[in-house]
Amino acid sequence: MKPFLETAIEFLSGVGTERAKLLREEFHIKTYGDLLQHFPFRYVDKTQLHQISGIANVEGDIQLQGKITSVRLIGTGRAMRLVAEFTDGTGAMELIWFKGIKWVQPNLKTGIDYVVFGKPTNFKGKYNIVHPEFETAESREKKVSTALQPVYSGTEKAKAKNLDTKAIGKLMNTLVLQLKGQGHVAELYGSDFREKNHLMSREEAFINVHFPQDSQTLQKALFRLKFDELFFIQLRLLKLKILNQNKFKGAVFSEVGEMVNRFYSECLPFELTGAQKRVIREIRHDLGSGKQMSRLVQGDVGSGKTIVALMSMLLAVDNGYQAALMAPTEILAEQHFSNISALLSKLNLHIALLTGSTKTAERRILHEQLRTGEIHILIGTHALIEEVVQFQKLGLVIVDEQHRFGVEQRAKLWLKGNDGEVPHMLIMTATPIPRTLAMTVYGDLDTSVIDELPPGRKPIKTLHRFDSARQKIFDFMKQEIALGRQIYVVYPLIDESETMDYKDLTDGYESIVREFPQPQYQVGVLNGKMKPQDKEYEMQRFKEGKTQIMVSTTVIEVGVDVPNASMMVIESAERFGLSQLHQLRGRVGRGAEQSFCVLMTGYALGQEARTRMETMVRTNDGFEIAEVDMRLRGPGDIQGTQQSGQPIFKISNLSKDGQILQAARSTAIDLLTDDPKLEKRENALTKHHLVKEMKDRPNWARVS
Ligand code: ADP
Ligand code: MG
Numbered sequence: 000m001k002p003f004l005e006t007a008i009e010f011l012s013g014v015g016t017e018r019a020k021l022l023r024e025e026f027h028i029k030t031y032g033d034l035l036q037h038f039p040f041r042y043v044d045k046t047q048l049h050q051i052s053g054i055a056n057v058e059g060d061i062q063l064q065g066k067i068t069s070v071r072l073i074g075t076g077r078a079m080r081l082v083a084e085f086t087d088g089t090g091a092m093e094l095i096w097f098k099g100i101k102w103v104q105p106n107l108k109t110g111i112d113y114v115v116f117g118k119p120t121n122f123k124g125k126y127n128i129v130h131p132e133f134e135t136a137e138s139r140e141k142k143v144s145t146a147l148q149p150v151y152s153g154t155e156k157a158k159a160k161n162l163d164t165k166a167i168g169k170l171m172n173t174l175v176l177q178l179k180g181q182g183h184v185a186e187l188y189g190s191d192f193r194e195k196n197h198l199m200s201r202e203e204a205f206i207n208v209h210f211p212q213d214s215q216t217l218q219k220a221l222f223r224l225k226f227d228e229l230f231f232i233q234l235r236l237l238k239l240k241i242l243n244q245n246k247f248k249g250a251v252f253s254e255v256g257e258m259v260n261r262f263y264s265e266c267l268p269f270e271l272t273g274a275q276k277r278v279i280r281e282i283r284h285d286l287g288s289g290k291q292m293s294r295l296v297q298g299d300v301g302s303g304k305t306i307v308a309l310m311s312m313l314l315a316v317d318n319g320y321q322a323a324l325m326a327p328t329e330i331l332a333e334q335h336f337s338n339i340s341a342l343l344s345k346l347n348l349h350i351a352l353l354t355g356s357t358k359t360a361e362r363r364i365l366h367e368q369l370r371t372g373e374i375h376i377l378i379g380t381h382a383l384i385e386e387v388v389q390f391q392k393l394g395l396v397i398v399d400e401q402h403r404f405g406v407e408q409r410a411k412l413w414l415k416g417n418d419g420e421v422p423h424m425l426i427m428t429a430t431p432i433p434r435t436l437a438m439t440v441y442g443d444l445d446t447s448v449i450d451e452l453p454p455g456r457k458p459i460k461t462l463h464r465f466d467s468a469r470q471k472i473f474d475f476m477k478q479e480i481a482l483g484r485q486i487y488v489v490y491p492l493i494d495e496s497e498t499m500d501y502k503d504l505t506d507g508y509e510s511i512v513r514e515f516p517q518p519q520y521q522v523g524v525l526n527g528k529m530k531p532q533d534k535e536y537e538m539q540r541f542k543e544g545k546t547q548i549m550v551s552t553t554v555i556e557v558g559v560d561v562p563n564a565s566m567m568v569i570e571s572a573e574r575f576g577l578s579q580l581h582q583l584r585g586r587v588g589r590g591a592e593q594s595f596c597v598l599m600t601g602y603a604l605g606q607e608a609r610t611r612m613e614t615m616v617r618t619n620d621g622f623e624i625a626e627v628d629m630r631l632r633g634p635g636d637i638q639g640t641q642q643s644g645q646p647i648f649k650i651s652n653l654s655k656d657g658q659i660l661q662a663a664r665s666t667a668i669d670l671l672t673d674d675p676k677l678e679k680r681e682n683a684l685t686k687h688h689l690v691k692e693m694k695d696r697p698n699w700a701r702v703s
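Counting along the sequence shown from 1, when you hit position 237 you're at 236 in numbering that gives the first Met the number 0, and nothing is skipped either side.
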């Protein structure tokens, strides 16, 4: 027999074929269980009475009790409205109706007590509620209090077919009545575990989330369900990690040899920061352990990840292995190649570059040299993970700016080892993500954070200016150029194929050239559609200081390093997301000079866009920016947390539930430390559920 919760939704009384279709299409609800997991997105609190004198301090809907002192009709025809003066002894306000006047008016009596409910707004210093709910205090007392009322989100289509929050509540009621006390909601933990972690029963939690007894019980219910959701994700990631570490051997790089030592003493142009040293130590520890390393290095733009990558690769070479560095774009791969070649010029190593535009003949030679082991370090784009590329002895793969690489591409890398050894993997990202998200998306990786910038960097000054200030900005640019600095001017290019964006770029370029004429000024231009050689040519001229201004799309977003560029002007900045703005800004502030970033926007800015601009002006801290970004967009929109359009989280919110997540993770760690295979009898329920989850949701993590 099928478990009760897997019953198709059309069998629920009140559903039927058409509603079932609607529930499926609008809310992905196919079964009783799906309905039960369709959670309210907020609750209306009718447990509290507010006072008019304190209205200014509450947000959203409020409930008041008081008397109506007068009722009058104002205006005529369509402009007619009904206004009731309402007082509760602490102040007075207006209740207003534009519709349903005929029905409402006879029900408003002066002198008796009413309870009214709605959202107050302030109009010219006086508060009012438009279309409040109301009833006499007497009738309200007779009813059983519904306390906190759940509100379910709806879609236009569902509402149009009368499937609104009330209707969903009704279905939920039917379901809960059938399920209560029947043991249909499986418990997931042994009773000791539940007691220790203060978890109410899962059935009680579900019932209270939909029909809260009171707000305290609701909090407990929410905690329980969020904990379950986050706990099993963590359990799964941690199990995966243990599994991988036991399954795969990693090459042992035990020796710090000639290359590392000579690089350190002869080639390193600066002192490493404390954070760089710490992360290199963490990596060295992994590489010497005999287990396969899967480590994520998070470091804000400019924190110096390249050196960390480089020294890890030298460690591989010292131990007789090859290393590969994979970058998301050709520009970046080429830049890494030339930087790294320059840094290692004294060491007499064979370093090669392989990208999509490497010529066939050259490629053939490269392939051969990789197979014979002649090449020590290979740098390239994803071209280097194609199947034809075979290594003699690949020991370490570094993936720079990971968010551009898919899981599948990474999986290909695993096949490139030899003798049952899997290459160590180091993933570097300059897109800081909030800690809670990192714990979830990369929960199976070890992580290191470079949380310190090289000394002497001055924080970038960020300004927000409206388009009308353009001439002033041009003058500012001229001053900077006169001081010998270089400037990026960036245009949004959300979609490479959008002709309109290209027009913006072209127009922008022309106006810059008009304002900054030759021969006094040289202006370059860069976009994603250009041929690689042309891009390279333009980048090279900019690097060499032959052009002072680079007009560009976001192709310069990732990793491009020109220390003399100390100013960036971002056009239509409101069209960029926060993390992208932060990435772009990271292209300046790389030298010793004071750097500037100017965000240009129109006057008409939405609330969210304004928050983005303010955040950029306020802080240079990538992690703080990531937090705000997650709050604005919700974690579901951030890379890696969505699968096939469905958010991973049904009830948790990573920007608010950090503490629950932390608790879930450490509880999962404790559990696995005590019982790695979940063999103990008291963990049987937990194991059973974990296995089921893994079958149902095979591959949810790290989709990016
Ligand atoms: P990112 O982390 O953004 O990849 P890079 O590795 O490109 O940063 O480094 C940014 C700049 O800082 C480079 O010009 C690099 O040479 C320089 N740099 C890195 N580490 C240090 C250091 N410890 N001291 C001084 N400069 C450094
Ligand atoms: Mg970098």
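Idealized CB from N, CA, C, for every residue including glycine.
In or out: residue i buried (at least 16 other Cβ within 10 Å) or exposed?
| i | result |
| --- | --- |
| residue 37 | buried |
| residue 106 | exposed |
| residue 269 | exposed |
| residue 403 | For residue 403, the predicted model reports a pLDDT of 47, less than 50, meaning its position is unreliable and no value from the coordinates is stated. |
| residue 233 | buried |
| residue 695 | exposed |
| residue 643 | In this prediction, residue 643 has a pLDDT of 38, which is less than 50 and means its spatial position is unreliable; what the coordinates show is noted afterwards. Counting Cβ neighbours within 10 Å, residue 643 comes out exposed, since fewer than 16 surround it. |
| residue 367 | exposed |
| residue 470 | exposed |
| residue 79 | exposed |
| residue 691 | exposed |
| residue 619 | buried |
| residue 35 | buried |
| residue 99 | exposed |
| residue 159 | exposed |
| residue 143 | With a pLDDT of only 46 at residue 143, under the threshold of 50, the placement of this residue in the model should not be trusted, and no figure is reported. |
| residue 573 | buried |
| residue 341 | exposed |
Assuming residue i and residue j are in contact, meaning their beta carbons sit under 8 Å apart, how far apart are those beta carbons, in whole angstroms?
| i | j | result |
| --- | --- | --- |
| residue 598 | residue 615 | 6 Å |
| residue 584 | residue 596 | 5 Å |
| residue 240 | residue 466 | With 8 Å as the limit, residue 240 and residue 466 do not qualify as a contact, their Cβ atoms being about 50 Å apart. |
| residue 30 | residue 9 | Incorrect: roughly 10 Å between the Cβ atoms, too far for contact. |
How about residue i and residue j: do their beta carbons lie closer than 8 Å?
| i | j | result |
| --- | --- | --- |
| residue 651 | residue 203 | no |
| residue 73 | residue 119 | no |
| residue 487 | residue 549 | yes |
| residue 273 | residue 451 | yes |
| residue 512 | residue 567 | no |
| residue 523 | residue 570 | no |
| residue 296 | residue 427 | yes |
| residue 684 | residue 25 | no |
| residue 322 | residue 312 | yes |
| residue 335 | residue 374 | no |
| residue 252 | residue 343 | no |
| residue 197 | residue 286 | no |
| residue 378 | residue 332 | yes |
| residue 50 | residue 86 | no |
| residue 148 | residue 114 | no |
| residue 710 | residue 660 | The structure shown does not extend to residue 710, since the chain is modelled only from 0 through 703, so no value can be given for it. |
| residue 480 | residue 539 | no |
In the DSSP assignment, what residue or residues form a beta bridge with residue i?
| i | result |
| --- | --- |
| residue 42 | 149 |
| residue 248 | 290, 420 |
| residue 533 | Its beta-bridge partners do not exist; DSSP assigns none. |
| residue 119 | 128 |
| residue 113 | 65, 135 |
| residue 22 | For residue 22, which the question treats as bridged, DSSP gives no partner whatsoever. |
| residue 445 | 294 |
| residue 35 | For residue 35, which the question treats as bridged, DSSP gives no partner whatsoever. |
| residue 84 | 69, 93 |
| residue 461 | 596 |
| residue 427 | 296, 399 |
| residue 377 | 323, 351 |
What are the uninterrupted segments assigned as alpha helix (DSSP H) that are 4 or more residues long and contained completely in the segment 187-233, given in chain order?
190-195, 201-209
3 or more residues per run - each beta strand (DSSP E) lying fully within the segment 529-612:
548-551, 564-569, 595-600
At which residue ranges does the segment 317-373 contain complete beta strand (DSSP E) runs of 3 or more residues, listed in the order of the chain?
321-325, 350-353
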